Structures are given as structure tokens and as C-alpha cells.
Amino acid sequence: MTTTTSRRAALTGLAGLAVSPALAMPVINVPKDIDPIYAAIEKHRRLTAESEAICLEAEKIESELPHGVLDMPCVPTFPIRGGKFELIEKTEDYQTLRYQLNDLTGEMDHAHSIADLRKEAKTIPAKHRSAWFADRSAALKREQDRIDKILNESGYTAISERRSSLDVAEYNAGQELITTRPTTLEGIAALAIYVSECTSADYSLMPDGDDRKIVLQNIAAALRAQMPTLKVDAGPERGGRRGA
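So in our numbering, spot 11 of the sequence shown is number -3, and the numbers just go up one at a time.
#1: For a test of the three-state rule: what should DSSP assign to His114, helix, strand or coil?
#2: In angstroms with no decimal places, state the Cα-to-Cα distance between His96 and Glu50.
#3: Quick test of the definition: if touching needs 3 or more C-beta pairs under 8 Å, does the stretch 143 to 157 touch the stretch 124 to 133?
#4: Going by beta carbon distance, what residues of the same chain come within less than 7 Å of Ala155, once the five residues before and after it are set aside?
#5: Using a Cβ-Cβ cut-off of 6 Å (strictly less than) and excluding sequence neighbours within five positions of Ile136, which residues of its own chain qualify?
#6: Between the C-alpha atoms of Ala101 and Ile20, what's the straight-line distance to the nearest angstrom?
#7: Which residues in the same chain have their Cβ closer than 8 Å to the Cβ of Arg148, if we skip the five residues on either side of it in sequence?
#8: In this structure, what does DSSP give as the bridge partners for Ala97?
#9: Considering only residues of the same chain and omitting the five flanking positions on each side of Ala107, which have a CB-CB separation below 8 Å?
#10: Got a sec? Which residues, its chain only, sit under 6 Å from Lys217 by beta carbon, not counting five neighbours each side?
#11: Helix, strand or coil for Val55? Go by DSSP, reduced to three states.
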């Protein structure tokens, strides 16, 4: 696991604001049964607000967790319980030791998974391999259990699950919004304004170019339905030139 730095990173700058522009946009009083776009906008607005709030809460919990808890579990590939150990390399986040214990010698690395231990087991003499693997596997499980306990007791696990659920709901609401066709000119305006000012547009409303094209096509189709006599010169065919 890694510290949250992706879709909510921009919210740090929003922490001191009362509400984002799109969330604060005035609601136009048009009955929902007249234009379905208002219900779609309100649903996405509500889920965006909930997602932003729970993300800020999760980031607060993260900031109070012990260093390294959100990283993968990590155990040395050889237990320091005897023998001689010599530090041969050290950085801010990592150190490598050379060990000598009975007839075992080598450089001690760190393992993050059972797969890492299986790979390292090939370097252990056959007569010690089973005992070594059992010892290091148990150490890895103890480390994972320690991390899980901290995350559960801090509330991080529960809030992360809730955040993931809200992320999916917010994305689905965004897809519903950009494909809901407004049936009034006011609704078309409301959709255009909301999409242009929505703070989550890049990651829940229109995360890629296809979505941007969809919402523009949706607005265009809604305008044509409201203004059937409207004639617009779409310009030259792709690859052509005006006046050619």
C-alpha cells in the first residue's frame, strides 16, 4: 500500500475553503420531472461532496499513522539473533548487512512477500532451508498482522473501504450525468456550467477524452432538439481546408 497521492491530492488546497465552486453553484428551480439533468447533477454533486470529505478524513488518519505502516510488510531475510553482522550499505530508507552465522554467510536483504522468501530460499543451504523458510514466513505474517492491527484500530481500513465505494459511486454518477440528455435550455446551461466548474471533472466526471466528446455531443444533441431550425456550419471535413 502507498500513501494516497492520486485523485484527491488537489484537495489539500481546498481544506480551507467552505465549498468548491461546482458544489456552490445555485440550483435552478426547475421541477425534476421536467428535465432529468437536474437529478443527475444533484446526485453527482452530493457524491462528490461526500468523497471529498471522506478523503480529507482519511488523509488526516494517514498523517497520524506510524512511519512505514502503509508500505508493504518487510522482514530481513535473515534474523539477527546471533552471529556476526556488518553494515555494508545504508541509506535513509534502507540498509544492507553482511552476516556470518555458523556456516551461513552472505548479504542480508529484506522480503516483502512469500514469493520474495521463496526466491531468497535458493541461497540458503539445503539443510537449513526448511527451518529458515518457516522462521521467515512466520516473521512476515507477524509483521502483516501488526500492520493490519494498526490500520484497523486507527479506522484507516474502514475509511479506505468506504472511500473506494464512494469513488466507484461518484464515477458511475458522472457517467450517468454526461449521458443524461437535458430537455430544456435551462438544463443545457446547467449541465455546461456544472461540468466546466466541477472540481472532480478530471477523475470522476470526464477522466478521458472520450468522455469530453460524449458530453459535448450530448449538449449538441440537446440544443438541436430545442432548436430544430438551428443551422450550424460544422466546418470542413477532417483533413480538408476551408475554401479548398
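Virtual Cβ for every residue (Gly too), placed ideally from N, Cα, C. Keep in mind that this is a model prediction, so the values were computed, not measured.
Put simply:
#1: Under the three-state reduction of DSSP, His114 is assigned to helix.
#2: So the alpha carbons of these two residues sit roughly 26 Å apart.
#3: Inter-segment contact for the stretch 143 to 157 and the stretch 124 to 133 is absent: fewer than three beta-carbon pairs are separated by less than 8 Å.
#4: Around Ala155: Leu33.
#5: Excluding residues within five positions, the ones whose Cβ falls inside 6 Å are Val55.
#6: Take the alpha-carbon of Ala101 and the one of Ile20: they are about 59 Å apart.
#7: Taken in chain order, the residues that qualify are Ile40.
#8: Within the DSSP bridge table, the entry for Ala97 names Val61 as partners.
#9: The residues are Arg115, Trp118 and Phe119.
#10: Contacts found: none.
#11: Of the three classes helix, strand and coil, the one that applies to Val55 here is coil, per DSSP.
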